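Following the working numbering, the numbering of the sequence shown begins with 22 at its first residue and continues without gaps.
First up is the structure itself, then whatever we jot down about it.
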Amino acid sequence: MTSPGDLAATLIGVGLLLALTLGVLALYRVPRRFAPAWAILRGTVQLAAISLILSGIITNPLWVAVALLVMFTVAAATAGRRLGKDWQSFGQVSAAMAMGVLVTLTIVFATGAVELTPRYALALGGIVIGNAMSIATLAGRHFNETVDSRWDEVEGWLALGATPRQSTTELARSAVRSALIPSTDQTRTTGLVTLPGAFVGAIFGGISPIAAGMFQIVVLASIMAAGSITAVVVVGFLAPVRTRPVPLG
22 MTSPGDLAAT LIGVGLLLAL TLGVLALYRV PRRFAPAWAI LRGTVQLAAI
72 SLILSGIITN PLWVAVALLV MFTVAAATAG RRLGKDWQSF GQVSAAMAMG
122 VLVTLTIVFA TGAVELTPRY ALALGGIVIG NAMSIATLAG RHFNETVDSR
172 WDEVEGWLAL GATPRQSTTE LARSAVRSAL IPSTDQTRTT GLVTLPGAFV
222 GAIFGGISPI AAGMFQIVVL ASIMAAGSIT AVVVVGFLAP VRTRPVPLG
């Protein structure tokens, strides 16, 4: 159990980091500078709530499935808001993420790479869903921004008789590649630059470093697979462009 001293130290540390974040952004006059602070506060409340909830459902397959469904819905809604703030965007992101997550987790658990238990399903599912959300957002926004900035080129292709999808083919491929760069760099530098949270958490949980490393490799491969599918499907939905896209906020 966490002692009052540990809790106080955590609150002080987070408070100072929060103040530092706000101070740096304020000094540089960054727009919407309070967004990261609200994200930290919201994350704190949500983690506190989910920690209490998970302590009671971690071994129950039904409740773990419900928890994953809630995670997925929130993730899809978050990415959807970044790409359009309408039901169409939510539906497209949901379909893309569902395809990536379901195909990836099916392979992982069907092959036995990770044991299919409620605990592992929740851990791996949460990680894959979260990363698929980020990759969906990056792919969609990069595609939108690139098409907007190179609209003359797209119009040129359309004038030459290309279909709306053909006119943005190269831009769509570039968007997928750009969306995967953070995950690719993280995977390439694992163990050299960072020790991933899943690896460290597994060791702290009593698993041997070798077993933890094997689990982390599965996690990284799952992120890349789910992210690749998600990015391709999201961009596939967006690629048939007939009018110049409205810049996303």
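By construction, the Cβ of each residue, glycine as well, lies at the ideal position given by its N, Cα and C atoms.
Treat the numbers as computed from the prediction; the structure is a model and nothing was measured.
| query | Can you tell me the Cα-Cα spacing of L48 and W108, whole angstroms? | reply | 38 Å
| task | Output the boundary residues of the alpha helix (DSSP H) element that contains V129. | result | 108-132
| query | What's the gap between the Cα of T42 and the Cα of R53? | reply | 12 Å
| field | Sequence-distant residues of its chain with Cβ nearer than 7 Å to A88 (five each side left out) | value | I78, L143
| How should V91 be labelled, buried or exposed, when 16 other C-beta atoms within 10 angstroms of its C-beta is the threshold for buried? | exposed
| query | Pick from A119, A134, T127: whose alpha carbon is nearest that of I251? | reply | A small fix is needed here, since residue 251 is Thr in this sequence, not Ile. Residue A119 is the option with its Cα nearest to T251.
| field | Q67, buried or exposed, once every other Cβ within 10 Å from all chains shown has been counted against 16 | value | exposed
| query | Where does T210 fall in DSSP's three states? | reply | coil
| task | Just the C-alpha distance for T205 and P217, rounded to the nearest angstrom, thanks. | result | 14 Å
| said: Using CA atoms only, rank isn't needed, just tell me which of E174, R140, G226 is closest to A86. | reply: R140
| message | Just verifying my parser: in three-state terms, what is the DSSP assignment at T215? | response | strand
| query | Among the residues of its own chain, which have a CB less than 6 Å from the CB of L192, if the five just before and after it don't count? | reply | T167, V168
| request: Please classify A246: does DSSP put it in a helix, a strand, or coil? | output: helix
| query | Can you list, in chain order, the residues of its chain whose CB lies under 7 Å from that of T17, leaving out five sequence neighbours each side? | reply | The shown model of the chain, from 22 to 270, leaves out residue 17, and the question about it has no answer.
| request: Would you check if there are 3 or more beta carbon pairs closer than 8 Å linking the segment 99-118 to the segment 144-155? | output: yes
| task | Go through its chain and collect everything with a Cβ distance to V254's Cβ below 6 Å, but skip five positions before and after it. | result | A117, M120
| field | Reduced DSSP secondary structure (H/G/I, E/B, other) of T31 | value | helix
| message | Tell me which residues share the same chain as S199 and place their Cβ nearer than 6 Å to its Cβ, disregarding the 5 neighbours each side in the sequence. | response | H163
| Just curious, the alpha helix (DSSP H) that R265 is in, first and last residue? | Segment: none, R265 is in no alpha helix (DSSP H) and carries neither H nor E.
| task | Evaluate T190 with the Cβ neighbour count: other Cβ atoms within 10 Å of its Cβ, from every protein chain shown; 16 or more gives buried, anything less gives exposed. | result | exposed
| said: Can you find the residues in the same chain that come closer than 7 Å, C-beta to C-beta, to S115, ignoring five residues on each side of it along the sequence? | reply: A97
| query | Hey, quick one: how far does the alpha helix (DSSP H) through S229 stretch, first residue to last? | reply | Element bounds for S229: n/a, residue is neither H nor E.
| task | In angstroms with no decimal places, state the Cα-to-Cα distance between T158 and F130. | result | 27 Å
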